[in-house]
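Chain order of the listed sequences is A and B.
Numbering (the numbering used here) for the first sequence: 824 to 1595.
Numbering (the numbering used here) for the second sequence: 730 to 781.
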Amino acid sequence: MLTSIIKRDGRVVIYDRNKIKMAILKAMEASGSTDFDKADQVTEAVESHFNNQNMKNTPTVEEIQDQVEHELMASGLDNVAKRYILYRASRNTIRERKSKLVKVFDEITFSDALDSDVKRENANIDGDTPMGAMLKYGSESAKDYFLKFLLSPDQAEAHREGYIHIHDFDFYALTMTCCQIDLIKLFKGGFSTGHGFLREPNDIQSYSALACIAIQSNQNDQHGGQSIVNFDYALADGVRKTYKKLYLKNIAKVCDVLGEKVSYDQLKEISAAITEKCGAMPKITPDETYVALELEELKKLVKDPAVAEKAQQFALTRTEEETDKATYQAMEAFIHNLNTMHSRAGAQTPFSSINYGMDTSDEGRMVMKNVMLATDAGLGHGETPIFPIQIFRVKEGINYNPGERNYDLFQLAIKVSAKRLFPNFSFQDAPYNLKYYNPDDVRTEIGYMGCRTRVVANTYDPNNEITYGRGNLSFTSINLPRLAIEAKGDEDLFYRNLKKYIDLCVKQLMDRFAIQKKKRVRNFPFLMGQGVWIDSDKLDIDDEVGEVIKHGTLSVGFIGLAETLTALYGKHHGESEEAQKKGLEIIGFMRRILDEYSERYKLNFSLLATPAEGLSGRFVRIDKKRFGEIKGVTDKEYYTNSFHIPVAYEISAYDKINLEAPYHALTNAGHITYVELDGDVSQNLEAFEAVVRCMKEAGIGYGAINHPVDRDPVCGYNGIIGDVCPRCGRRDCEGVPLEKLQRLGLYKHLNAATLGQCGNQLEEADRIPNRI
Amino acid sequence: MTYNPETKMVGEGVKFERIRRITGYLVGTVDRFNDGKRAEERDRVKHTPVGQ
Chain A
824 MLTSIIKRDG
834 RVVIYDRNKI
844 KMAILKAMEA
854 SGSTDFDKAD
864 QVTEAVESHF
874 NNQNMKNTPT
884 VEEIQDQVEH
894 ELMASGLDNV
904 AKRYILYRAS
914 RNTIRERKSK
924 LVKVFDEITF
934 SDALDSDVKR
944 ENANIDGDTP
954 MGAMLKYGSE
964 SAKDYFLKFL
974 LSPDQAEAHR
984 EGYIHIHDFD
994 FYALTMTCCQ
1004 IDLIKLFKGG
1014 FSTGHGFLRE
1024 PNDIQSYSAL
1034 ACIAIQSNQN
1044 DQHGGQSIVN
1054 FDYALADGVR
1064 KTYKKLYLKN
1074 IAKVCDVLGE
1084 KVSYDQLKEI
1094 SAAITEKCGA
1104 MPKITPDETY
1114 VALELEELKK
1124 LVKDPAVAEK
1134 AQQFALTRTE
1144 EETDKATYQA
1154 MEAFIHNLNT
1164 MHSRAGAQTP
1174 FSSINYGMDT
1184 SDEGRMVMKN
1194 VMLATDAGLG
1204 HGETPIFPIQ
1214 IFRVKEGINY
1224 NPGERNYDLF
1234 QLAIKVSAKR
1244 LFPNFSFQDA
1254 PYNLKYYNPD
1264 DVRTEIGYMG
1274 CRTRVVANTY
1284 DPNNEITYGR
1294 GNLSFTSINL
1304 PRLAIEAKGD
1314 EDLFYRNLKK
1324 YIDLCVKQLM
1334 DRFAIQKKKR
1344 VRNFPFLMGQ
1354 GVWIDSDKLD
1364 IDDEVGEVIK
1374 HGTLSVGFIG
1384 LAETLTALYG
1394 KHHGESEEAQ
1404 KKGLEIIGFM
1414 RRILDEYSER
1424 YKLNFSLLAT
1434 PAEGLSGRFV
1444 RIDKKRFGEI
1454 KGVTDKEYYT
1464 NSFHIPVAYE
1474 ISAYDKINLE
1484 APYHALTNAG
1494 HITYVELDGD
1504 VSQNLEAFEA
1514 VVRCMKEAGI
1524 GYGAINHPVD
1534 RDPVCGYNGI
1544 IGDVCPRCGR
1554 RDCEGVPLEK
1564 LQRLGLYKHL
1574 NAATLGQCGN
1584 QLEEADRIPN
1594 RI
Chain B
730 MTYNPETKMV
740 GEGVKFERIR
750 RITGYLVGTV
760 DRFNDGKRAE
770 ERDRVKHTPV
780 GQ
């Protein structure tokens, strides 16, 4: 006798025939059937089926539902059966989803980041901290919700099955990616962070502090990184103000020492009046008219005219050095702050980048020199700063050749990068960057986000083909290797499917854009409220941002060109010229379609060599499961980044650069080329420079050189560490005898009693001498 | 810093920091890389310098 059933979670409950009957009635209703009497008959048939069986085991819900399906068909109620099956399937999906989300939550709650890939999706968020985990719960549930309720079914399926990947999906309906911040515009007249108003900064110290705050505030309004597009030009203003202040103070001091009563405020007034008259002010390279007029005025203030001359002379000779020192300290603070400050509920250090290189003013040069020197020195214990990404703009006529004004800074950039991995190099002379450059408008200098994103062309507003105040809105990547595997050597089929998925991505980007457009200025209190984004200063707090965000880009990206070529033609572009030709055809095809979409919609669709952090493993994991291990395609744990030559392929730097450069021209939404150098490149700057010059000549847009940068926290050694630390001789995780460290001149004030488990200040200070 | 009073050893269990670049950003330790990126970093080979 059917008296009880087993539920999905294993619980045994009393059998209730009404549940079966109700489900059948609902299916009848949905299918338009009015044969309600049959509901009872089918229910009875199901019951008798189980009663006739030898009831050793209690039936499960699934078994009962199977039987209902069977009886509906047997009774000729085919349409009702169909509805019943569909309903059952949709309930199953929802249930499965729920449990998947719960599993993810379990992982966030109970696993260490070391064991959990979910918690290491983004290497700069510490998933083990409370705020990092909280961010992860939110992120995972948002993804679940957006996938179920906001995406169209075809987009959801393509994303879920790994044909496409919608990046920053947890922020799908919330915000846009990134922005190149123009600090000059932001600082003018002061700004508000939403928690208080900050006056226009008045010296280099406050310029550097507010630059950090700007990055931090904007990071909370967007999901991607934040970049300062004009670090040199903007911070130079702070240097000018500091110079002037110190200059006038120096005059006041000398007067004071020599017995004259001249106050700083008096001097400020005189200086302002002269500036009013001749337009000049005190600066590193003195303005003769200013100096002469100032001397006249000074003489009027003092009893002894010789004092005026001495005081001015002192200020003219000493102020530059003092300003230089103040600038160094400000740059040091800037870097320290960006490596320690937090955004997003404290879970993440802001992803920050700064662009510089082409300001030839004394002040701009002072900023660049010192930010690089501070990077060279490293953080408190000599650690390599992780943030900000620094991008040095290389430009012929300004810094590329000996004799050019900023050539010394280019040389310094090479030296610092050979030690600290930053700055990276962007190339203004690459034809597709040079095209937009107008020497009379700094806003046309190329800007890269550290990760590689690039925005400059503007189909929406051709009068604003600039980098300032713009950025990417969102991007979606295509799983190129998948399309290649599925094409089974059929080139036409590959291209047909590629077209299909580009169209799908464009549609999805448009759908997301429709959501973004409806947001209002108040949703982005800093980005839009403070006029950081181009044209947002023309909007009111309740206005929609739809028009102004059209200056941004909608990008389609890709991963694994190397694996794609191998799957289609048997070789990747590092191995065969033919494959390189085919690779350029594929990427050129993608670019052409996106250009057409830009024209059609008057929006900025662009092609991205996707950065792909989380994605590198995701696609290949799915594809390996589907297609098994295919040599050169799915046989690694990752797909090769964008158009890169596979990382494990032996190739010269020269060949790699020249093979990758043509793809930079095609990927207008951003690109980067890496070269890996061995050994201590800081001892071989010529080799380092040769690579940078090779990149420039080949037409690379943005490049960086990787080399080993290791540090032993125990003895503080910085450099290359193989298996054994060259200073203290320990291996990874091994201990070193305290006595040995003391023989090396380390830990000299420490003994067993004072050496704490963590954070002993004496001990920390003791490690500083190691910064040699 | 860890110190083991019995063996008088400093730094047991402390890993070397290996700064590496992924996607354009630096990361202070490979431990924070996801599985895919960790494998990629492991596979990277050096390139012959320009002019050699």
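Beta carbons: idealized from backbone N, C-alpha and C, even for Gly.
Straight-line gap, residue i to residue j (C-alpha atoms, nearest Å)
i	j	result
Val1547 (chain A)	Arg1554 (chain A)	5 Å
Asn1224 (chain A)	Phe972 (chain A)	57 Å
Tyr732 (chain B)	Ile1543 (chain A)	25 Å
Cys1328 (chain A)	Asp1446 (chain A)	20 Å
Lys1008 (chain A)	Thr1496 (chain A)	32 Å
Phe1157 (chain A)	Leu1033 (chain A)	9 Å
Lys959 (chain A)	Val927 (chain A)	9 Å
His1204 (chain A)	Gly1539 (chain A)	7 Å
Gly1102 (chain A)	Tyr1461 (chain A)	60 Å
Leu1613 (chain A)	Lys921 (chain A)	Because chain A in this structure spans residues 824 to 1595, residue 1613 (chain A) falls outside the shown range and cannot be described.
Tyr910 (chain A)	Leu1388 (chain A)	43 Å
Gly855 (chain A)	Pro976 (chain A)	25 Å
Gly1579 (chain A)	Tyr1570 (chain A)	Its pLDDT being 46, under 50, Gly1579 (chain A) is placed unreliably by the model, and the measurement read from it follows with that caveat. Cα to Cα, Gly1579 (chain A) sits roughly 12 Å from Tyr1570 (chain A).
Check: residue i C-beta below 7 Å from any heavy atom of the ligand ZN
i	result
Asp1326 (chain A)	As for the ligand ZN, it is missing from this structure, which has no ligand bound.
Option in the options with minimal Cα separation from residue i
i	options	result
Ala1402 (chain A)	A:Ile1410, A:Leu1508 and A:Tyr1392	A:Tyr1392
Ile751 (chain B)	A:Glu1557, A:Lys1563 and A:Ile1528	A:Ile1528
Phe1336 (chain A)	A:Leu1384, A:Val1278, A:Phe1428 and A:Cys1274	A:Phe1428
Glu870 (chain A)	A:Gly855, A:Thr1198, A:Lys1122 and A:Ile843	A:Ile843
Thr883 (chain A)	A:Val836, A:Phe859, A:Glu892 and A:Leu1139	A:Val836
Asp1418 (chain A)	A:Val1470, A:Thr1198, A:Lys1479 and A:Leu1489	A:Leu1489
Lys1091 (chain A)	A:Ile1074, A:Asp1079 and A:Ala1129	A:Ile1074
Ile887 (chain A)	A:Asn874, A:Glu944 and A:Lys1106	A:Asn874
Asp1263 (chain A)	A:Thr1276, A:Ile1289, A:Tyr1271 and A:Asp929	A:Ile1289
Ile1338 (chain A)	A:Ser1031, A:Phe994, A:Cys1556 and A:Tyr1113	A:Phe994
His1046 (chain A)	A:Gly1397, A:Phe992 and A:Glu1473	A:Phe992
Gln1136 (chain A)	A:Met1191, A:Tyr1087, A:Lys1076 and A:Lys1100	A:Lys1076
Asp940 (chain A)	A:Thr826, A:Gly1437, A:Asp1503 and A:Tyr1525	A:Gly1437
Ile931 (chain A)	A:Val903, A:His1018, A:Thr952 and A:Glu1120	A:Thr952
Pro1105 (chain A)	A:Glu1483, A:Lys1064, A:Gln1506 and A:Lys1454	A:Lys1064
Ala1253 (chain A)	A:Gly1270, A:Lys1238 and A:Val903	A:Gly1270
Residue i, DSSP secondary structure in three states
i	result
Leu900 (chain A)	coil
Cys1002 (chain A)	strand
Met1272 (chain A)	coil
Ile1221 (chain A)	coil
Gly1522 (chain A)	coil
Val743 (chain B)	coil
Phe1245 (chain A)	coil
Asn1593 (chain A)	The predicted model places Asn1593 (chain A) with a pLDDT of 27, which falls under 50 and marks its position as unreliable; any figure quoted below should be read in that light. Reduced to three states, the DSSP call for Asn1593 (chain A) is helix.
Ile931 (chain A)	helix
Ala1527 (chain A)	strand
Tyr838 (chain A)	coil
Tyr732 (chain B)	strand
Gln978 (chain A)	helix
Gly1493 (chain A)	strand
Met1195 (chain A)	helix
Leu1081 (chain A)	coil
Ser856 (chain A)	coil
Val1125 (chain A)	coil
Presumed contact (8 Å Cβ cut-off) between residue i and residue j, rounded CB distance
i	j	result
Leu1407 (chain A)	Gly1493 (chain A)	The pair is not a contact, with the Cβ atoms about 18 Å apart (cut-off 8 Å).
Gly740 (chain B)	Gly1558 (chain A)	5 Å
Gln1042 (chain A)	Pro1173 (chain A)	4 Å
Gly1380 (chain A)	Phe1450 (chain A)	The Cβ separation is near 22 Å, so there is no contact.
Leu1362 (chain A)	Val1371 (chain A)	7 Å
Checklist entry - What are the residues of the segment 1275 to 1305 of chain A that lie near chain B, defined by any Cβ-Cβ distance shorter than 7 Å? => result So the close ones are Arg1275.
Next on the checklist: Beta carbons nearer than 9 Å to chain B: which residues of the segment 1083 to 1107 of chain A have them?
Outcome noted: Of all residues in the segment 1083 to 1107 of chain A, none has a Cβ within less than 9 Å of some Cβ in chain B.
Next on the checklist: So if I threshold CB-CB distances at 8 Å, which residues from the segment 1518 to 1531 of chain A count as touching chain B?
Outcome noted: Near chain B, meaning a CB-to-CB distance below 8 Å, the residues of the segment 1518 to 1531 of chain A are Ala1527, Asn1529 and Pro1531.
Checklist entry - Which residues, in chain order, does the segment 1176 to 1209 of chain A contribute to contact with chain B at a C-beta distance below 7 Å? => result Hits within the stretch, in order: Thr1207 and Ile1209.
Item to check | Positions along the segment 756 to 775 of chain B whose CB lies within less than 7 Å of some CB in chain A | outcome: Going along the segment 756 to 775 of chain B in chain order, one finds Val756, Gly757, Asp760, Arg761, Phe762, Asn763, Asp764, Gly765, Lys766, Ala768, Glu769, Asp772, Arg773, Val774 and Lys775 with a Cβ nearer than 7 Å to chain A.
Next on the checklist: Against chain B, which members of the segment 1231 to 1254 of chain A pass a CB distance test of less than 9 Å?
Outcome noted: Sequence-ordered contacts of the segment 1231 to 1254 of chain A with chain B read Arg1243, Leu1244, Phe1245 and Asn1247 [C-beta pairs closer than 9 Å].
Next on the checklist: Any C-beta of chain A within less than 8 Å: which residues of the segment 731 to 755 of chain B qualify?
Outcome noted: So the list reads Thr731, Tyr732, Asn733, Pro734, Thr736, Lys737, Met738, Val739, Gly740, Glu741, Gly742, Val743, Lys744, Phe745, Glu746, Arg747, Ile748, Arg749, Arg750, Ile751, Thr752, Gly753, Tyr754 and Leu755, given in the order they occur along the chain.
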